[in-house]
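Participant: In our numbering, the protein residues as written are 70 to 228. In this text, a Cβ means the ideal position worked out from N, Cα and C, and glycines have one as well.
1) How long is the line joining the alpha carbons of residue 228 and residue 180, rounded to whole angstroms?
2) When the Cα atoms are used, what is the spatial distance from residue 198 to residue 212?
3) Between which two residues does the alpha helix (DSSP H) harbouring residue 212 extend?
4) Could you say if the segment 129-138 and the segment 87-98 meet the contact criterion of at least three C-beta pairs nearer than 8 Å?
5) Can you find the residues in the same chain that come closer than 7 Å, C-beta to C-beta, to residue 191, ignoring five residues on each side of it along the sequence?
6) Can you look up residue 152 in the DSSP assignment and give me helix, strand or coil?
7) Can you have a look at residue 187 and say buried or exposed, based on whether 16 or more other CB atoms are within 10 angstroms of its CB?
8) Residue 144 to residue 115, Cα distance in whole Å?
9) Taking the C-alpha atoms as reference points, what is the distance between residue 206 and residue 169?
10) I need the boundaries of the alpha helix (DSSP H) containing residue 100, first residue and last residue.
11) To the nearest angstrom, report how far apart residue 111 and residue 138 are at their CA atoms.
Okay, here's the thing in structure tokens:
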């Protein structure tokens with residue numbers, strides 16, 4: 070992956086990728102593995118981007134799909150990915166594992182279904198319901214109801 074592509078097309082969206090990877094991992098090591106895999110898949114599939122949506126929407130969708138796929142593989146095969154290197158700014162941003170209140174929120178989010186994790190992350194990013202629906206692959210009418218149910222579940226999990 071060229072550093073120019075990473076700097077111009079991935080790094081500006083690192084916060085998005087970090088939040089999604091964090092919601093699908095339990096350890097710093099797994100987080101780093103997922104982050105690298107998402108970046109690699111963005112680079113590999115960059116030519117598939119057809120500009121039918123915003124680049125950020127595409128990054129969200131691809132990140133969610135990669136994380137869900139890795140989670141399923143890990144559950145099925147107990148696979149472990151090896152990380153060699155993450156940029157310093159990514160490691161610094163991902164140190165939320167040491168932030169207790171944030172860690173509690175992520176623990177609760179990780180108890181949601183794989184799709185609900187993605188929905189609540191997008192909601193917390195203040196994405197419009199239509200964009201959430203586009204990323205998740207459903208219709209906007211269902212998103213409001215789904216978010217209400219997710220919020221109720223999270224309240225129970227956090228109390």
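Facilitator: The short version:
1) 14 Å
2) 6 Å
3) 209-227
4) yes
5) 129, 201 and 204
6) With a pLDDT of only 48 at residue 152, under the threshold of 50, the placement of this residue in the model should not be trusted; the figure read from the coordinates follows. Three-state result, residue 152: coil.
7) buried
8) 28 Å
9) 33 Å
10) 97-113
11) 14 Å
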